[in-house]
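Colleague: Got a structure for you, questions after.
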Amino acid sequence: WFLNDLAREHDAEGFKLIEQSEAIEVPRLTFRNIFAIVTTAVGEMVISKRRQGKEIHNLVRVYVANFRLKGVDTDVLVTAYEPILINPLRESVEAVGSSLAVPASQSGVMPMCEVIKQSLSTFKVNDWSLFCSVP
Numbered sequence: 538w539f540l541n542d543l544a545r546e547h548d549a550e551g552f553k554l555i556e557q558s559e560a561i562e563v564p565r566l567t568f569r570n571i572f573a574i575v576t577t578a579v580g581e582m583v584i585s586k587r588r589q590g591k592e593i594h595n596l597v598r599v600y601v602a603n604f605r606l607k608g609v610d611t612d613v614l615v616t617a618y619e620p621i622l623i624n625p626l627r628e629s630v631e632a633v634g635s636s637l638a639v640p641a642s643q644s645g646v647m648p649m650c651e652v653i654k655q656s657l658s659t660f661k662v663n664d665w666s667l668f669c670s671v672p
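Just so you know, we're using this note's numbering here: the sequence shown kicks off at 538 and counts up by one.
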């Protein structure tokens, strides 16, 4: 449901859920012997920057990972946006171009799905006192 919240916050049009995972325990993220769990989702939505107006919108793929830190009753949300279609009227079109975005593999950069996988596999909490008092 975090992906739906993001779509609402962006006043997104044409929101589409592409995939969603089941809850998976993350034993390396343990606090007071309680494992964290992670769920992931990927969706697409049409969004615009509010200052540019609704008519100047872009199609983006959104990657969301929710770490539920059950031991401290909180969530950590990791989000990443990947442009799919860039509107030619967008302010930054001169810098990034317009129309279909060039796939990461053709640009020499890591694809966003791999960036998310890597962040999920390396995410850790260095200081649990950020979330609660640690005895």
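From the three backbone atoms N, C-alpha and C, an ideal C-beta is built for every residue, glycine too.
Under 8 Å Cβ to Cβ from Arg569, same chain only, skipping five residues before and after it: list those, please.
Modeller: Hits under 8 Å: Gly608.
Colleague: Counting Cβ pairs, one atom from each stretch, are 3 or more of them under 8 Å apart for the region 604 to 623 and the region 652 to 660?
Modeller: Yes, the region 604 to 623 is in contact with the region 652 to 660.
Colleague: Please work out which residues of its chain come closer than 8 Å, Cβ to Cβ, to Lys553, disregarding the five sequence neighbours upstream and downstream, and give them in chain order.
Modeller: Around Lys553: Gly580, Glu581 and Met582.
Colleague: Who does Val652 pair with in a DSSP beta bridge?
Modeller: None; Val652 has no bridge partner.
Colleague: Where does Gly709 fall in DSSP's three states?
Modeller: Here the chain covers residues 538 to 672 and nothing more, so residue 709 does not appear.
Colleague: Check the Cβ-Cβ distances between Phe668 and every residue of chain C, and say whether any is below 8 Å.
Modeller: The structure shown contains no chain C; it is built from a single protein chain.
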